[in-house]
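Numbers given in our numbering equal positions in the sequence shown, counted from 1, plus 1. Built from N, CA and C at the ideal position, the CB exists for glycine as well. On a predicted model such as this, the values are computed, not experimentally measured, just so you know. Below: one structure, written as structure tokens.
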Amino acid sequence: MMMGAHGNNKTIIGKIKYTNAWPIFYYFNPDSLCEPAEMITAVPSFLNKGMNDGSIDIGALSSFAYGLSSDKLLLLPNLSVSADGPVRSILLFSRQPLESIINGTIAVTNTSATSINLLKILMNKALNGNPTYLALEPDLKTMLEVADAALLIGDNAIKASWEDHGLYVTDLSAWWKEWTGYSMTFAVWAVHRDAAESKPEIVQEIVQNLLASKRRSLSDLTPIVNEAMTTFGGTEDYWKGYFENLCYDYGEEQRQGLELYLRYAHELGLIQHEVTMELWEENTRIRVKE
């Protein structure tokens, strides 16, 4: 039986730190579950590692990290952070237009691989570019002192987008949609196969509670909008538009976009294996049939 992060059978749940995932977790309380569970809030890079090594049983992780660990993970249905066009929180800031920096230097945030590799796919396949990438702390001013452009994600990107800096700002999700015609999925929810096998009841309960939190959040965004304003600033209109613009489902449309993203990542050698995506509920049905 798989053990949680602390050497016992407590179920460990991974929660993305960024505001874009708030609706799925906002009303989710691990203390209300029928079995002991603990929720860890962290940046995607930390959660990605935990989902890969099994120290986190179930939760959110970046789409690229899912691709790397897909043989160990099952995707949870109807849960993602996706955008069918602009995402507003994954932004490339540059002093010159994109076409002028295709072989330049780009500073990238060191907290999420999905956005970095989306940028690599777009620069290479859409513009035939081959820039040099520098991983730096997410500070726009510092990044642009050493690079031609800077990629920021999450709350750092949002706050930088409010500044009057006179830079070109490229929304990577809008670029992806314009170039491919598909939506872009940035984060997925998954369960480690070991946990799905060893404790199906609590996995089922966690999934139901996450879906319930999503439904309640999206039925009235006011509490989440107010908390975002209190925490980060910005206006009610901005945050309402931000959350309403995002898609928290994972269905056929999101699957097709994610499949294309992971295929391009494999073609560029960013992921060494072809990714076969498997849904948790499909796996359940297969086990029941057997």
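Delimiting residues of the alpha helix (DSSP H) encompassing residue i
i           : result
residue 29  : First-last for residue 29: undefined, no H or E at that position.
residue 1   : Nothing can be reported for residue 1: it is not among the residues displayed for the chain, which extend from 2 to 291.
residue 231 : 223 to 233
Among the options, nearest to residue i - alpha-carbon criterion
i           : options               : result
residue 22  : 56, 198 and 247       : 247
residue 162 : 11, 233 and 270       : 233
residue 87  : 245, 66, 77 and 132   : 245
residue 187 : 117, 143, 151 and 220 : 117
residue 240 : 226, 251, 263 and 250 : 226
residue 271 : 36, 127, 69 and 39    : 69
residue 269 : 74, 104 and 119       : 119
residue 370 : 179, 213, 72 and 277  : Given that the chain is displayed from residue 2 to residue 291, the structure contains no residue 370 and the question cannot be resolved.
residue 126 : 228, 135 and 103      : 103
residue 101 : 43, 182, 131 and 200  : 131
residue 229 : 216, 243, 282 and 220 : 243
residue 123 : 146, 179 and 43       : 179
residue 94  : 143, 207 and 37       : 143
residue 55  : 210, 199, 236 and 206 : 199
residue 189 : 66, 91 and 204        : 66
residue 33  : 175, 206 and 237      : 206
residue 160 : 30, 19 and 98         : 19
residue 84  : 121, 254, 264 and 236 : 254
residue 197 : 58, 31 and 17         : 58
residue 140 : 171, 164, 193 and 236 : 164
residue 235 : 157, 211 and 37       : 157
residue 91  : 45, 171 and 166       : 171
residue 129 : 36, 99 and 155        : 99
DSSP three-state assignment for residue i, whether helix, strand or coil
i           : result
residue 10  : coil
residue 258 : helix
residue 95  : strand
residue 269 : coil
residue 236 : coil
residue 16  : strand
residue 247 : coil
residue 186 : strand
residue 101 : helix
residue 1   : Given that the chain is displayed from residue 2 to residue 291, the structure contains no residue 1 and the question cannot be resolved.
residue 279 : coil
residue 21  : helix
residue 289 : For residue 289, the predicted model reports a pLDDT of 40, less than 50, meaning its position is unreliable; a value from the coordinates is still stated below. Note: residue 289 maps to helix in three-state DSSP.
residue 2   : Confidence at residue 2 is low in this model, with a pLDDT of 34, below 50, so its placement is unreliable and the value that follows should be read with caution. Residue 2: coil per DSSP, three-state reduction.
Delimiting residues of the beta strand (DSSP E) encompassing residue i
i           : result
residue 90  : Residue 90 -> no beta strand (DSSP E), and no H or E assigned at all.
residue 109 : 106 to 110
Whole-Å CB distance - residue i paired with residue j, under 8 Å assumed
i           : j           : result
residue 153 : residue 115 : Between residue 115 and residue 153 the Cβ distance is about 14 Å, and since that is not below 8 Å, they are no contact.
residue 249 : residue 24  : 6 Å
residue 148 : residue 106 : 4 Å
residue 275 : residue 267 : 6 Å
residue 256 : residue 28  : That pair is no contact at about 26 Å.
residue 151 : residue 145 : 5 Å
residue 202 : residue 76  : Their Cβ separation, rounded to whole angstroms, is 19 Å, which puts residue 202 and residue 76 out of contact at 8 Å.
residue 262 : residue 81  : The Cβ separation is near 12 Å, so there is no contact.
residue 63  : residue 49  : 6 Å
residue 14  : residue 60  : 5 Å
residue 16  : residue 42  : 5 Å
residue 38  : residue 31  : 4 Å
Segments of 3+ residues assigned as beta strand (DSSP E) that fall wholly inside the region 121 to 181: 133 to 137, 150 to 154 and 169 to 172
Residue ranges of each beta strand (DSSP E) within the region 25 to 80, 3 or longer: 38 to 43 and 59 to 63
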